[in-house]
Amino acid sequence: MLRALVGLVALMPAVSAAATPGEARVERGAYLFKAAGCGVCHTNSDHGGPSLGGGRALKTDYGVFYTPNISPDPKFGIGRWSDADFLKALRKGVSPAGTDYYPVFPYPAFTQLSDDDILDLKAYLFSQTPVPQPNRPHDVGFPYSMRLALVPWKILYFREGVFQGDPKRSMEWNRGAYLANAVVHCGECHTPRNMLGALIKGQRFGGVTGGPDGMNAPDITPHPAALGPWSTEDLATLLKDGITPNGDFVGRGMREVVADMADLSDTDRHAIAVYVKTVQPLPPPPKPGH
Amino acid sequence: MIGRIGRIVGGGCTLETWRWKFSLAAATAVAAVVALMVSVHADDIAGIVATRQATMKTLSADVKVVSDFTEGKADRAAAIAAANHLVTTSKTVPSLFPPGTGMDALPGKSGAKAEIWTQKREFEADAASLLTATQALLDTVQAGDPATTRERLLAAGKEGCGNCHNAFRVRI
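Sequence lines, in order, name chains A and B.
Residues 0 to 289 (numbering that gives the first Met the number 0) are what the first sequence spells out, left to right.
Residues 0 to 171 (numbering that gives the first Met the number 0) are what the second sequence spells out, left to right.
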């Protein structure tokens with residue numbers, strides 16, 4: 000039952016009828032690419048960087064991480080990666096050379112993707128223009144500079160595995176949960192982290208102050224002081240247009256997310272809203288200076 | 000010498016004592032005036048910030064009315080009134096930010112970054128964009144097509160509100 004559920008929730012919207020299997024895979028991958036917001040991090044947009052060339056600086060409490068080139072360039076990008084390499088990177092957080100990735104790359108979310116979705120994503124990336132741009136090393140201080148430290152980190156906090164649905168919930172809820180957790184990875188910004196940078200599971204979507212790049216990500220749980228008063232439609236509208244029920248517009252970080260979410264289907268945005276409305280309500284974090 | 004005069008003039012109270020008492024009284028008075036000024040000034044800043052935030056909320060309320068119109072939840076007359084009010088309010092935005100009323104002056108209460116004043120030209124350009132965007136929105140609301148109005152509203156949110164907030168505001 001669960002396996003069937005995973006297959007169904009991972010099923011992307013219908014692609015063009017005339018598409019060949021390869022084209023269909025690229026088309027589905029393009030949709031996933033948008034939903035997962037890969038381009039937001041892997042393109043240095045603020046400095047006019049080429050699409051997928053990486054180099055965007057992500058300032059965190061642990062140092063500055065520079066996103067890598069994920070274009071199909073064979074020397075500087077991922078052009079020589081096999082399907083198995085790509086699956087291992089997203090499912091296990093391990094590079095083709097066997098190095099553990101820092102969890103700033105959200106593999107704790109992507110591990111939940113289905114094999115098909117991961118390979119669709121790869122097909123899309125490989126259909127894009129190669130960018131001959133070398134990666135910039137991270138600027139991370141001791142002890143975070145020691146990749147070996149990631150071994151115990153993963154033992155403590157990383158659980159590999161495809162999304163497991165809840166058969167007691169509706170198909171729409173399961174689709175929304177899959178999208179929100181495995182694809183869109185809402186929690187990477189909206190869930191508080193512990194001192195070692197791992198998401199605190201009991202505080203899913205509870206809101207973060209002073210997250211990456213100093214941005215705040217609000218509480219998006221259905222708590223009365225958070226999204227409780229919002230309808231499912233309000234939330235779906237925010238995902239599409241970036242406008243809140245009060246007539247406010249989303250801020251800097253979410254604006255980039257909405258730019259991608261606007262390309263999702265109404266059905267998928269609604270499914271995400273249905274799921275988000277059911278997570279455990281949590282009071283918003285105290286505001287800085289209060 | 001002074002001591003002698005002091006003893007002569009002051010009788011039981013020397014000149015030095017008088018000078019001490021006078022100095023102490025003067026210092027106390029000055030301190031009281033300064034404290035009062037600081038307190039009034041702080042009240043002024045708090046008032047300015049409160050007015051500014053209330054004005055921003057009226058912008059949001061007007062945006063909501065226009066948004067409701069684009070979704071068939073508000074009539075056109077209400078949307079035109081709201082769009083007109085958006086234009087009027089947009090004109091006042093630069094005047095809502097007198098120097099010294101940013102987040103440094105009122106931490107935790109104001110999210111206005113110091114760059115508003117150090118990059119005044121850019122800030123005023125963003126404020127001008129807001130006015131242009133709201134005027135364009137008013138034109139489309141008056142024309143009456145909800146779909147075009149929605150597009151224009153979202154553009155105003157991006158070009159008018161978003162650009163300025165991204166550069167000059169910290170969420171508090």
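For glycine and all other residues, C-beta sits at the position ideal for the given N, C-alpha and C.
Remember, predicted model here, so these are calculated numbers, not experimental data.
- The bridge partners DSSP lists for F248(A) are I242(A).
- If the five residues before and after Q134(B) are omitted, its C-beta is found closer than 7 angstroms to the C-beta atoms of V86, all from its own chain and listed in chain order.
- Under the rule that a run must span 3 or more residues, no beta strand (DSSP E) segment is found entirely inside the segment 83-135 of chain B.
- Under the three-state reduction of DSSP, L149(A) is assigned to helix.
- Taking 4 residues as the shortest admissible run, the segment 49-95 of chain A contains the following complete alpha helix (DSSP H) segments, listed from N- to C-terminal end: 82-91.
- Counting along the chain, the unbroken alpha helix (DSSP H) around G186(A) starts and ends at 186-189.
- For the options S264(A), R254(A), N180(A), the alpha carbon positioned closest to that of F162(A) is the one of N180(A).
- DSSP lists R192(A) as the bridge partner or partners of L198(A).
- Residue pairing from DSSP places D99(A) in a beta bridge opposite V93(A).
- In this chain, the alpha helix (DSSP H) harbouring H269(A) covers 265-275.
- Contact check between the segment 90-99 of chain B and the segment 275-285 of chain A: fewer than three CB pairs, one atom from each, fall below 8 angstroms, which does not count as touching.
- If you draw a 10 Å sphere on the C-beta of A28(B), you find fewer than 16 other C-beta atoms in it, and that means exposed.
- Taking 8 angstroms as the cut-off between beta carbons, the residues of the segment 105-123 of chain B near chain A are P106, G107, K108, in sequence order.
- Residue Q52(B) holds the alpha-carbon nearest to the alpha-carbon of T88(B) among Q52(B), R75(B), G99(B), T100(B).
- According to the DSSP secondary-structure assignment, D138(A) is paired through a beta bridge with V63(A).
- Around the beta carbon of A146(B), a 10 Å sphere encloses fewer than 16 other beta carbons of the protein chains shown; the residue is thus reported as exposed.
- For H164(B), at least one C-beta of chain A is nearer than 8 angstroms to its own C-beta.
- In the DSSP assignment, V207(A) is bridged to A216(A).
- Listed by position along chain B, the residues whose Cβ is nearer than 9 angstroms to that of I242(A) are V62, K63, S66, L152, L153, G156.
- Using a Cβ-Cβ distance cut-off of 8 angstroms, the segment 198-217 of chain A and the segment 250-258 of chain A are in contact, since at least three pairs of beta carbons, one from each stretch, lie closer than that value.
- Here T42(A) is not near L31(A), since their CB atoms are 8 angstroms or more apart.
- Under a criterion of Cβ atoms nearer than 9 angstroms, the residues of chain A adjacent to G161(B) are, in order, G241, F248, V249, G250, R251, R254.
- Listed along chain B, no residue sits closer than 7 angstroms to N43(A) by beta-carbon distance, the nearest being about 17 angstroms off.
- The beta carbon of S59(B) sits closer than 8 angstroms to some beta carbon of chain A.
- With a 10 Å radius around the Cβ and a threshold of 16 neighbouring Cβ atoms, E159(A) comes out exposed.
- Excluding residues up to 5 positions away in sequence, V8, F162, G164, D165, R168, Y274 lie with their Cβ nearer than 8 angstroms to the Cβ of A176(A) in the same chain.
- Setting aside the 5 residues that flank it on each side, N68(A) is surrounded in the same chain by H41, L51, G52, G53, G54, F75, G76, I77, V130, Q132, P133, N134, each with a C-beta closer than 8 angstroms to its C-beta; the list follows chain order.
- Around the beta carbon of E70(B), fewer than 16 other beta carbons lie within 10 angstroms, which makes this residue exposed.
- Per DSSP, the continuous alpha helix (DSSP H) segment holding W172(A) begins and ends at 170-177.
- When C-alpha distances from A224(A) are compared across P285(A), A261(A), G209(A), the shortest belongs to P285(A).
- Counted as a single uninterrupted DSSP element, the alpha helix (DSSP H) harbouring Y30(A) occupies residues 20-35.
- Residue state for R168(B) is assigned as strand, using DSSP reduced to three classes.
- When G206(A), H269(A), I242(A), S94(A) are compared, the shortest CA-CA separation from P280(A) is found for G206(A).
- For K91(A), the CB contacts under 8 angstroms within the same chain, skipping 5 residues up- and downstream, are Y106, T110, E159 in chain order.
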